[in-house]
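Protein chains in written order, with my numbering: chain F, 1 to 112; chain B, 1 to 117.
Where is the CB? At the ideal position from N, CA and C, for every residue including glycine.
First the structure, in the form of structure tokens, and then the observations on it.
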Amino acid sequence: QKEVEQDPGPLSVPEGAIVSLNCTYSNSAFQYFMWYRQYSRKGPELLMYTYSSGNKEDGRFTAQVDKSSKYISLFIRDSQPSDSATYLCAMSAEDSNYQLIWGAGTKLIIKP
Amino acid sequence: GAGVSQTPSNKVTEKGKYVELRCDPISGHTALYWYRQSLGQGPEFLIYFQGTGAADDSGLPNDRFFAVRPEGSVSTLKIQRTERGDSAVYLCASSPLLAGGRRNEQFFGPGTRLTVL
Numbered sequence: 001q002k003e004v005e006q007d008p009g010p011l012s013v014p015e016g017a018i019v020s021l022n023c024t025y026s027n028s029a030f031q032y033f034m035w036y037r038q039y040s041r042k043g044p045e046l047l048m049y050t051y052s053s054g055n056k057e058d059g060r061f062t063a064q065v066d067k068s069s070k071y072i073s074l075f076i077r078d079s080q081p082s083d084s085a086t087y088l089c090a091m092s093a094e095d096s097n098y099q100l101i102w103g104a105g106t107k108l109i110i111k112p
Numbered sequence: 001g002a003g004v005s006q007t008p009s010n011k012v013t014e015k016g017k018y019v020e021l022r023c024d025p026i027s028g029h030t031a032l033y034w035y036r037q038s039l040g041q042g043p044e045f046l047i048y049f050q051g052t053g054a055a056d057d058s059g060l061p062n063d064r065f066f067a068v069r070p071e072g073s074v075s076t077l078k079i080q081r082t083e084r085g086d087s088a089v090y091l092c093a094s095s096p097l098l099a100g101g102r103r104n105e106q107f108f109g110p111g112t113r114l115t116v117l
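Here it is as structure tokens:
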């Protein structure tokens with residue numbers, strides 16, 4: 001079993017919908033949780049960065065971390081066709097925080 | 001300012017050949033990372049540089065892979081005797097030093113797509 005599990009999708013939703021993307025993990029040492037967006041043939045781009053449990057909001061994006069359930073989520077409000085991309089979660093522990101452990105990514109398609 | 005740049009963007013080589021992939025990090029970022037990403041997978045950690053030295057090379061798959069960063073800026077990933085299984089996108093990232101010694105806010109380049117025939 002992988003340390004970080006993420007449904008590969010694709011997830012297809014109509015423009016304007018609220019999107020929910022999720023990852024589960026097994027290592028309780030993870031303290032830092034990140035969401036990256038990756039367009040086709042591009043490098044990952046950091047979207048959200050959170051520490052420990054709780055919520056963080058940035059514009060149309062909200063990241064949630066539930067450490068008790070080992071479950072993290074990214075919500076996208078008012079989704080746009082330009083949000084179509086692969087979304088990857090990544091996480092790291094306190095002592096080796098530079099070493100990111102990644103999910104496989106969820107491909108998101110926003111239909112106009 | 002400029003982001004992380006990588007050259008070449010694509011590299012096609014034959015099995016058994018030697019290749020070099022270059023990474024130019026964001027100016028001022030002392031930490032540099034190499035990852036490998038296969039189709040449909042997340043990036044896989046290869047090596048982490050702090051300054052000129054490799055602080056963690058535990059992700060390098062075998063001794064055919066080697067990376068250098070002689071002046072603490074540009075880095076080169078070198079692969080000897082390439083195999084078809086080395087085909088992947090090789091990503092480079094850099095990060096600033098954050099409060100508490102954190103280095104997990106990493107900024108990625110576009111990657112080099114390596115194809116070994």
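Would you please verify whether the beta carbon of residue 92 of chain F is less than 8 Å from any beta carbon of chain B?
yes
Residue closest to residue 27 of chain B, alpha-carbon to alpha-carbon, out of B:38, B:81, B:4:
B:4
Near residue 89 of chain B, what residues of its chain come up, given a Cβ to Cβ distance below 6 Å and the 5 sequence neighbours on each side ignored?
37, 111, 113
Distance cutoff 8 Å, beta carbons only. Does residue 107 of chain B sit that close to anything in chain F?
yes
Per-residue DSSP class, three states only, for residue 59 of chain B
coil
Based on Cα-Cα distance, which residue from F:109, F:59, F:111, F:105 lies nearest to residue 43 of chain F?
F:105
When you measure from the CB of residue 39 of chain B to every non-hydrogen atom of the ligand HEM, does any distance come out below 7 Å?
The ligand HEM is not part of this structure, which contains no ligands at all.
If the cut is a Cβ gap below 7 Å, which residues of chain F does residue 62 of chain B touch?
Near residue 62 of chain B there are no residues of chain F at all, since even the closest Cβ is about 19 Å away, more than 7 Å.
Compare the beta carbon distance of residue 64 of chain F and residue 51 of chain F with 8 Å and say whether it is the shorter of the two.
no
Exposure of residue 62 of chain B, with buried meaning 16 or more beta-carbon neighbours within 10 Å
exposed
Just grab the DSSP bridge partners of residue 78 of chain B for me.
B:20, B:66
Looking at the C-beta of residue 41 of chain B, does it have a partner C-beta in chain F at a distance below 8 Å?
yes
Contained beta strand (DSSP E) runs [length at least 3] in the segment 8-35 of chain F, N- to C-terminal order
11-14, 19-25
Within 10 Å of its beta-carbon, does residue 117 of chain B have 16 or more other beta-carbons around it, so buried, or fewer, so exposed?
exposed
Using a Cβ-Cβ cutoff of 9 Å, what residues of the segment 15-44 of chain F are near chain B? List them in chain order.
32, 34, 36, 38, 41, 42, 43, 44
Would you tell me roughly how many angstroms separate the C-alpha atoms of residue 69 of chain B and residue 91 of chain B, rounded to the nearest one?
15 Å
Using C-beta distances below 8 Å, list every residue in its chain close to residue 11 of chain F, excluding the 5 sequence neighbours before and after it, in chain order.
19, 21, 106, 107, 108, 109
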